[in-house]
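Numbering (our numbering), first residue to last: 18 to 433. C-beta atoms are modelled at their ideal positions from N, C-alpha and C, and glycine is treated no differently. These numbers were taken from a predicted model, which means no experiment stands behind them. Take a look at the structure below.
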């Protein structure tokens, strides 16, 4: 029997809404708080703006595009340079300008439409680009679990990782009824219990944290050098956003680029980034972890996403709660991420299957082959202080090749 699908606009009873929302919040938490830790700021402000940004996204996209906005990793390298030279407030100014430029881009897309996407990213290119969103994160999942990048793997990490991943995998296949829509939450709880049994938990920080704490709001400052350092990231986040919207559309069975429209989702994403930078938070982006949760559970309701956003806002004001969630061990997050990222990769392959891409044609074989190898090779191209690598670089290469093939077609020079 097929799993029941809860579609985007469907209402969810409170008895389901709460655990499903908690599941989404746990799925994004590990990655979203890592960015403020790297930048050296309080994660509470990030939790607050992630929640606010997600609610704004739902509002601007008319409740038709389920997406959770978490902390963006695309800004790490240029923002780190700006923070070192001028301080975090000036990096905030860069975030604001990038967000506003993204809003202008959304207006341009509204004016000229999205037909150009089919030209620069046909299915033979889009499929591998979307797959790379998940596949290039595979190493991150293993590293978070403590299974790579260490001199000696701790068996406690292995045990907790296997328990978490095992419950997630077999829960996906065996759970029925209510349990079938919260396998990720159950896997996280199982992993947390396993970590406790292995003596990996320390609640000292939770005991010291206050019950109520106001997030650290502070306004952005602007400097032209800082802005120019961060501005090229707009190319990276635009490519990432298009990929996320396409894979989400495939999961929910709708063309989100047409309805509510790419212009709305890009505007919402960048507007959230601008507001985040203005008040002291980090840039936001639609989160692959939460896309993976939707793919696994079959629950696409924006009300569930909105519930997770509200919980994130509440957590930002409760020191003990946010600290408690941050005690979730890496092997638990890594175990869950293996499945979530894999689901995104599979969604990219699904694009190739659904569009019946003909690999008897040289162009299709070439596009897919080059994009996969470029994306997984580790090749990096630096444009100023911005580094293009992985999925983003592969996307740019795929777009250029597709455009060249389109032009050659116009002059009837191809051998198809």
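Item, Value
"Rounded Cβ spacing between residue 96 and residue 247 (contact assumed at less than 8 Å)", "6 Å"
"Whole-angstrom distance between residue 188 and residue 352, CA atom to CA atom", "13 Å"
"Close beta carbons around residue 230, own chain, < 6 Å, minus the five adjacent residues each side", "336"
"Among 82, 59, 378, 357, the one whose alpha carbon lies nearest that of residue 285", "82"
"When 318, 180, 271, 199 are compared against residue 210, the one with the closest alpha-carbon", "180"
"Residue 118 to residue 263 span [Cα, whole Å]", "22 Å"
"Test item: CB-CB of residue 37 and residue 349 under 9 Å", "no"
"In DSSP terms, what residue 23 is bridged to", "316"
"Distance, residue 73 Cα to residue 372 Cα", "33 Å"
"Cα-Cα separation between residue 297 and residue 327, rounded to whole angstroms", "19 Å"
"Per DSSP, the bridge partner or partners of residue 111", "Partner(s): none; residue 111 has no beta bridge."
"Three-state class that DSSP yields for residue 217 in the structure shown", "coil"
"Continuous beta strand (DSSP E) stretch holding residue 87: start and end", "86–88"
"Sub-9 Å separation of residue 178 and residue 163 beta-carbons", "yes"
"Residue 244 versus 78, 218, 69, 294, residue with shortest Cα-Cα distance", "294"
"Candidates 265, 415, 26, of which the one nearest residue 142 by Cα", "415"
"Supposed close pair residue 151, residue 359 - CB separation, criterion 8 Å", "6 Å"
"Residue interval of the beta strand (DSSP E) (run including residue 397)", "397–400"
"Contacts around residue 310, its chain only, beta-carbon distance under 7 Å, and the 5 residues preceding and following it disregarded", "40, 41, 44, 201, 357"
"Under 9 Å between C-beta atoms of residue 80 and residue 300", "no"
"Own chain partners of residue 420 with C-beta closer than 8 Å, once the 5 adjacent residues on each side are dropped", "136, 137"
"Straight-line gap, residue 125 to residue 292 (C-alpha atoms, nearest Å)", "21 Å"
"Residue 385, enclosing beta strand (DSSP E) - first and last residue", "Per DSSP, residue 385 belongs to no beta strand (DSSP E); it is in the alpha helix (DSSP H), 379–394."
"For residue 301, the three-state DSSP class (helix, strand or coil)", "strand"
"Boundaries of the alpha helix (DSSP H) in which residue 57 is found, first to last residue", "No alpha helix (DSSP H) contains residue 57, which DSSP labels as neither H nor E."
"Per DSSP, cross-strand counterpart(s) of residue 405", "398"
"Residue 409, buried or exposed, once every other Cβ within 10 Å from all chains shown has been counted against 16", "buried"
"Anticipated Cβ contact below 8 Å, residue 120 with residue 176, distance rounded", "Not confirmed; about 47 Å, so no contact."
"Inter-residue CB distance, residue 144 and residue 365 (contact presumed, cutoff 8 Å)", "5 Å"
"Three-way DSSP call (helix, strand, coil) for residue 50 in this model", "coil"
"Close-in-space but distant-in-sequence residues of the same chain around residue 250 (CB under 7 Å, 5 per side omitted)", "91, 92, 95, 115, 403"
"Endpoints, alpha helix (DSSP H) assigned at residue 247", "241–247"
"Endpoints, the alpha helix (DSSP H) within which residue 358 is located", "347–371"
"Short Cβ contact (9 Å threshold) for residue 206 with residue 268", "no"
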